[in-house]
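J.: In our numbering, the protein residues as written are 4 to 390. Sending over a structure as structure tokens; questions will come in a sec.
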Ligand code: SAM
Ligand code: SF4
Ligand code: SF4
């Protein structure tokens, strides 16, 4: 068995943050079409907000036990953005173009009274007066208990992570002995509460859960749940990622098509990260009653050119890329006495306009058969900024 070296200290807070754009500085003139764009023309549309850095699972690809052990120093409560701070920031992001907000973590349902935040965010309106697309990604462990309260508070949809149906495989992957049945109960509760269409994300790791691809597809086919297979990514610095653990989406689709007829579908929206495939009927046409599956090929087919997503970490750092090693300290600005809504809006606009990140497109220049070089800047962990 090969060994892997895992740094025992998470140094994310040791990173020095780049100076925040001076709040008094003028934002470069807005483009004629009024849409805020980054350095390569991408609009800001999608915001992911991490509401906690804690989780009750220890998925080996995200929060391995060797690092996130019982003495791990999570953020103190005072470091977390309050619901009021999150809502205030979100309002400014919406003014700058955001139309979709996803709550994530860590495990977002561990954050106490989360439905209060959901209600506050659900009350936000776009400049055109429309409600936001408000969603949540969860490991499903607390969903059966919370689905109805989330729906009542204004949550529209949920995505549930589930890496297989074989109980022993899943218990090993979440590494806290959590049963598949309890996640399935959570998915059913979400559907019953009207939080649909429910999406299920399965991270596929070659040699670990690849044999679960077909059982998962068969299980969710025709249920209204949209299953999506995600390539295992080299996010963070603690999961010991290797290219040979990635099962390319093209192979996932080939395995599915060998058993279940599929036809390609158009992207549902601009910036959609999943490639969609519909289950076909005997005539070879998509049968909506059977539903669809998707693949998210972050490693083998980068979609940076359409990436319209910003992220806010649990402690209010704004990140422009999942693979960034540094964020922009919006919390300091929020908590400074001089802070105004205009200064927040200016900061968000200026940071986005300076963005040129496209890590996954550049990954191709890394050696293909190994992990990223150890001398690269330490990346932020997925559990800190959310997926
Ligand atoms: N705890 C929640 C959950 O698991 O759904 C939300 C946070 S989790 C970080 C968000 C998503 O990131 C999950 O679907 C998870 O499977 C995915 N994820 C975490 N680490 C990943 C990795 N190395 N590669 C691909 N996806 C990953
Ligand atoms: Fe927790 Fe989600 Fe990470 Fe798994 S993927 S350890 S459930 S935050
Ligand atoms: Fe977006 Fe960064 Fe992912 Fe590219 S690598 S799609 S820029 S988050």
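C-beta: ideal position from N, C-alpha, C; glycine also.
1) Say the cut is 6 Å; is the CB of residue 109 nearer than that to a heavy atom of ligand 2?
2) Straight-line CA distance for residue 145 to residue 267?
3) Go ahead and pull the three-state DSSP assignment for residue 53.
4) Is residue 162 buried or exposed, if buried means 16 or more other CB atoms sit within 10 Å of its CB?
5) Among 148, 170, 123, which has the Cα closest to the Cα of residue 157?
6) Residue 281 and residue 295 - do their beta-carbons sit closer together than 7 Å?
7) So, with DSSP's three-state summary, where would you put residue 178?
8) For residue 244, which option in 235, 87, 175, 250 has the closest C-alpha, if you only look at C-alpha atoms?
9) Measure the C-alpha to C-alpha separation of residue 251 and residue 364 and round it to an integer number of angstroms.
10) Counting Cβ pairs, one atom from each stretch, are 3 or more of them under 8 Å apart for the region 303-312 and the region 283-295?
11) Looking at the structure shown, is residue 244 part of a helix, part of a strand, or coil, going by DSSP?
12) Determine whether the beta carbon atoms of residue 93 and residue 151 lie at a separation below 7 Å.
13) Give the list of continuous beta strand (DSSP E) stretches no shorter than 3 residues that lie fully inside the region 79-114.
14) Note down the Cα distance separating residue 61 from residue 248, rounded to an integer number of angstroms.
15) Taking 6 Å as the cut-off, is the CB of residue 361 close to at least one heavy atom of ligand 3?
16) Based on DSSP bridge pairs, tell me the residues matched to residue 320.
17) Could you check which residue in 201, 91, 140, 171 has the C-alpha nearest to that of residue 55?
18) Could you give the DSSP three-state label for residue 224: helix, strand or coil?
19) Is any heavy atom of ligand 5 found at a distance shorter than 6 Å from the C-beta of residue 127?
20) Please go through the region 119-205 and give each complete alpha helix (DSSP H) segment of 4 or more residues, from N-terminal end onward.
21) Roughly how many angstroms lie between the CA atoms of residue 49 and residue 323, to the nearest whole one?
22) Note down the Cα distance separating residue 42 from residue 137, rounded to an integer number of angstroms.
23) When DSSP labels each residue in this structure, what does residue 304 get in the three-state scheme?
24) Per DSSP, what are the beta-bridge partners of residue 267 in this structure?
25) Which residues does DSSP pair with residue 230 in a beta bridge?
T.: Per the coordinate set shown:
1) As a first step, residue 109 is located in the chain shown; it is residue number 106 there, counting from the start. Yes.
2) The residue you call residue 145 lines up with position 142 of the chain shown. The residue you call residue 267 lines up with position 264 of the chain shown. Between residue 145 and residue 267, the C-alpha separation is close to 34 Å.
3) In the chain shown, counting from the first residue as 1, residue 53 sits at position 50. Note: residue 53 maps to strand in three-state DSSP.
4) By one-based count along the chain shown, residue 162 stands at place 159. It is buried - the Cβ of residue 162 has at least 16 other Cβ atoms within 10 Å.
5) Working through the chain shown from its first residue, we reach residue 157 at position 154. Ranking the options by Cα distance to residue 157, first place goes to 123.
6) Along the chain shown, one-based indexing puts residue 295 at 292. Along the chain shown, one-based indexing puts residue 281 at 278. Yes. Within cutoff.
7) Here residue 178 is taken as the residue at index 175 of the chain shown, counted from 1. If DSSP states are grouped into helix, strand and coil, residue 178 belongs with coil.
8) On the chain shown, position 241 is the one that residue 244 refers to. Among 235, 87, 175, 250, the Cα nearest to that of residue 244 belongs to 235.
9) Reading the chain shown from its first residue, position 248 is the one you call residue 251. Reading the chain shown from its first residue, position 361 is the one you call residue 364. Whole-angstrom Cα-Cα distance: 15 Å.
10) no
11) Within the chain shown, numbered from 1, the residue matching residue 244 stands at position 241. It is coil, neither helix nor strand.
12) Indexing the chain shown from 1 puts residue 93 at position 90. Indexing the chain shown from 1 puts residue 151 at position 148. Result no, Cβ atoms of residue 93 and residue 151 do not sit closer than 7 Å.
13) 103-107
14) For the purposes of this step, residue 61 is taken as the residue at position 58 of the chain shown. For the purposes of this step, residue 248 is taken as the residue at position 245 of the chain shown. Taking the straight line from one Cα to the other gives about 18 Å.
15) Counting from 1 along the chain shown, the entry for residue 361 is found at position 358. Correct: residue 361 has its Cβ closer than 6 Å to ligand 3.
16) Here residue 320 refers to the residue found at position 317 of the chain shown. Answer is 332.
17) If you number the chain shown from 1, residue 55 lands on position 52. Of the candidates 201, 91, 140, 171, the one whose C-alpha sits nearest the C-alpha of residue 55 is 140.
18) Residue 224 sits at position 221 when you count from the first residue of the chain shown. Three-state DSSP puts residue 224 in coil, outside helix and strand.
19) This structure does not include ligand 5; its bound ligands are ligand 1, ligand 2 and ligand 3.
20) 146-156, 170-177, 183-196
21) In the chain shown, residue 49 corresponds to position 46, counting from 1. In the chain shown, residue 323 corresponds to position 320, counting from 1. Each residue's alpha carbon lies about 11 Å from the other.
22) Start at 1 with the first residue of the chain shown, and residue 42 comes out as number 39. Start at 1 with the first residue of the chain shown, and residue 137 comes out as number 134. Approximately 27 Å, taken between the alpha carbons.
23) Counting from 1 along the chain shown, the entry for residue 304 is found at position 301. DSSP places residue 304 in coil when its eight states are reduced to three.
24) Locating residue 267 in the chain shown gives position 264, where the first residue counts as 1. In the DSSP output, where bridge partners are listed per residue, residue 267 has 280.
25) To locate residue 230, count along the chain shown from 1; it is residue 227. DSSP lists 203, 296 as partners of residue 230.
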